[in-house]
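For reference, the structure discussed in these notes is given below.
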Amino acid sequence: DARVTQTPRDKVTEMGQEVTMRCQPILGHNTVFWYRQTMKQGLELLAYFRNRAPLDDSGMPKDRFSAEMPDATLATLKIQPSEPRDSAVYFCASGYRGTEAFFGQGTRLTVV
Amino acid sequence: AQTVTQSQPEMSVQEAETVTLSCTYDTSESDYYLFWYKQPPSRQMILVIRQEAYKQQNATENRFSVNFQKAAKSFSLKISDSQLGDAAMYFCASQEDSGYALNFGKGTSLLVTP
């Protein structure tokens, strides 16, 4: 049963530390998304890729966030340095345009 | 850029009754896709229903159906015979055919009471 895998599931870190979240998309899917979910803002689209190429990362704070796809089986989202306001659930999703996007279980990040 | 608006932060329905969740969107394109996702407390995002804008017929999936009004840019979700397991956050989303961005509304929290 193909699914999107995210690690870690939960992460607690101190302010100023680097955080790396990983995502294994479903093999063959050509589009990968990163979202941030908070109670206040809902699901914010941070960045997305097509065939591993970044299409748009305008939803991310540029100075501290970065997203990459080093290969077809791995997408990463890094925050450096982390801040308490980055506390949220981060989702990765993969799919094809116009069809269902399959979501991972999310990474709950807490920055203290 | 496309935007999706869900004007109801919370809704409540009694078991076995029908409830309608509202969604409006903004796009300048004629071809696009619309979705409703459900997020239960487990936080897993689950696709409920999908609509292609070029299709006039409203999509249905068992107890879930949509009222797609293209001219009004409205895409509401109707849940019939509500069950306790329907309690969740519901998100409306849109994706333009010319691009890849999948944008979500802020969600509606649905409470189902016995």
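From first to last, the protein sequence lines stand for chains A and B. Each number in the working numbering corresponds to the 1-based position in the first sequence with 72 added. Each number in the working numbering corresponds to the 1-based position in the second sequence with 113 added. Where is the CB? At the ideal position from N, CA and C, for every residue including glycine. Here the structure is a predicted model, which means the values were calculated and not measured.
- Within the same chain, Cβ atoms closer than 7 Å to the Cβ of Y168(A) are found at H101, N102 and T103, the five residues on either side in sequence being excluded.
- Against chain B, a Cβ distance below 9 Å from V161(A) picks out R156.
- Note: M202(B) is bridge-paired with Q152(B) and S222(B) in the DSSP secondary-structure output.
- Just so you know, the alpha carbons of D143(A) and F217(B) end up roughly 27 Å apart.
- Three or more beta-carbon pairs separated by less than 8 Å are not found between the stretch 157 to 167 of chain A and the stretch 189 to 202 of chain B, which leaves the two stretches without contact.
- Shown here for T140(B): same chain residues with a beta carbon closer than 8 Å to its own, the five before and five after excluded, namely Q115, K186, S207 and E209 in chain order.
- With its beta carbon at least 9 Å from every one in chain B, T77(A) lies outside the interface.
- Secondary structure of L115(A) (DSSP, three-state): strand.
- With contacts defined by Cβ atoms closer than 9 Å, R94(A) and Q78(A) form a contacting pair.
- One alpha carbon belongs to A214(B), the other to S120(B), and they sit about 22 Å apart.
- For F137(A), no Cβ of chain B is located within less than 9 Å of the residue's own Cβ.
- Think of a sphere of 9 Å around the beta carbon of T103(A): the chain B residues whose beta carbon falls inside it are Y213 and L215, in chain order.
- Minimum Cα-Cα distance from Q164(B) among the listed residues V132(B), V126(B) and S189(B) corresponds to S189(B).
- The Cβ atoms of I151(A) and V91(A) sit closer than 9 Å to each other.
- Look at L147(B) here: in three-state DSSP terms it is strand.
- Within chain A, no C-beta atom comes nearer than 8 Å to that of F188(B); the closest sits roughly 15 Å away.
- In this structure, the alpha-carbon of Y120(A) lies about 29 Å from that of Q182(B).
- Look at the stretch 167 to 201 of chain B: it has no residue with a C-beta under 9 Å from a C-beta of chain A.
- Within the same chain, and ignoring the five residues on either side of M202(B) in sequence, the residues whose Cβ sits closer than 6 Å to its Cβ are Q152, G220 and S222.
- For S120(B), no beta strand (DSSP E) encloses it, and the DSSP letter there is neither H nor E.
- According to DSSP, R75(A) shares a beta bridge with no other residue.
- The Cβ neighbour count for P227(B), taken over all protein chains shown within 10 Å, is under 16; the residue is labelled exposed.
- Contact note: L160(B) reaches chain A through E172, using a C-beta cutoff of 7 Å and chain order.
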